[in-house]
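Just so it is clear: in the sequence shown, position 211 is 211 by UniProt numbering, and no numbers are missing. Glycine included, each C-beta is placed from N, C-alpha and C at the ideal position. The structure presented is a predicted model; accordingly, all values stated were derived computationally and were not measured. One structure below.
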Amino acid sequence: MSTGFLSVDLDALATNWRALDAMTDVETCAVVKADGYGLGAGKVGRALAKAGVKRFFVAVAEEGAELRQALGPNVEICVFAGHMRGDTDMIGDMMLTPMVNTVGQLTRHLEALPEHPFGVQLDTGMNRLGLEIGEWASVAEIALAQNCRLVMSHLACAGDPDHPMNRQQLDQFHLMTDGISVPRSLAATGGILLGPEYHFDLTRPGVGLYGGMPFADAQPVAYLDLPVIQVRDVEEGETVGYANAWTAKRPSKIATLSGGYADGLLRALSGGANLYHGGQAVPLVGRVSMDLITADVTDLPELPGVLSILGSDQTVDALAARAGTIGYEILTSLGPRYARRYAGG
Ligand SMILES: *Cc1c(COP(=O)(O)O)cnc(C)c1O
């Protein structure tokens, strides 16, 4: 075995879903876009369906079609990209629920699949997807008289509870939707944590399910161990890796491990991250290269066969901070070369 080993704890995933579900009195759905945040949409989706999820969200129709094959007919699968040109057959055949974003998408949907369920995405200030207030005013009556299953919007700053944008978007969502009888949704992981005012009829957590911030109490779901290919002694003054980026300040033992930026170990981690061995931090030294990283194992009491880079010792957010990014990017960058194992579920 020469690749890294990615272990996904499906019981921890279900525990995180139940914990987020317990924070509200409303339906808790699950976002499994980008292949279940990099952890495998089919496996993750099946475990969540078993835990009680009835409604899933994906980014694009193609993801929805794949998820439908994994989950069968008894769950609802909603598509954030809405009803794109060319997607009608897939939406119809795979029983997907598009969250329409524009008047053009709404028209396309009602003309092509008149009885087929859909949802509406509203822009409350993020200016990314959804109808603006004037557009919504002009089509709301038509849309709500059809098979509209959900009206939703998305928060731009929910990870920062004190940000005034949260209240501003909440007020705008009320202004646009108060009085309608169709279920409403505003909250993703961050919105759940903002409190009941933000919960409406259903929530759409993603990252918190997978062990990421802003859900600080999440259990880790992804565990990544990298095998040591070789250990060598280097003398004081010798250098390691591309661009001679690290120089030994003492006689050192350097382990070379399988895994590099092609596997989602971002090059920005170069020289600034740790790996772990039995709870003890082991500094990554030198540049991250495509397939390999190097770590200084001089202070370990024994030579390790593997080192951990993600898990209980180092969360996705801790690793992300070392690379100047967010947990979401660490998860969704995990490459295709790892041997994957799913535990629990
Ligand atoms: C990605 C996404 C979510 C999930 O967000 P998390 O921060 O991962 O919980 C919910 N809604 C929309 C519209 C999204 O794009």
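Check: Mind the definition here: the stretch 13-27 touches the stretch 67-78 only if three or more C-beta pairs lie below 8 Å; say whether that holds.; Outcome: no
Check: From this set, A218, Q280, S333 and L307, which residue's C-alpha is nearest A268's C-alpha?; Outcome: S333
Check: If you compare alpha carbons, which of C157, F5, V32 and A51 is closest to A12?; Outcome: A51
Check: Quick one: does the C-beta of F80 sit closer than 7 Å to a heavy atom of ligand 1?; Outcome: yes
Check: Any heavy atom of ligand 1 within a distance shorter than 7 Å of the CB on G119?; Outcome: no
Check: How far does the beta strand (DSSP E) with L226 in it extend, from its first residue to its last?; Outcome: A222 to V234
Check: Check the C-beta distance from residue 421 over to L155 and give it rounded, since I have them as a contact under 8 Å.; Outcome: For the chain, the structure presents residues 1 to 345; residue 421 sits outside this window and is missing.
Check: Between F5 and A339, which are expected to be in contact by the criterion C-beta below 8 Å, what is the C-beta distance as a whole number of angstroms?; Outcome: 5 Å
Check: List the DSSP bridge partners of E342.; Outcome: At residue 342 the sequence reads Tyr, which differs from the Glu that was named. Paired residues: V8.
Check: Roughly how far, in whole angstroms, is the beta-carbon of V228 from the beta-carbon of V151, given that I think they are within contact range, below 8 Å?; Outcome: Not a contact, Cβ separation roughly 53 Å.
Check: Quick one: Cα of G119 to Cα of E111, how far?; Outcome: 15 Å
Check: Does the distance from the CB of A222 to the CB of V8 come in under 8 Å?; Outcome: yes
Check: Let me check understanding here. Comparing Cα to Cα, which of L175, A248, D317 and S312 lies closest to G286?; Outcome: A248
Check: Would you check if the distance between the CB atom of L131 and the CB atom of T88 is smaller than 8 Å?; Outcome: no
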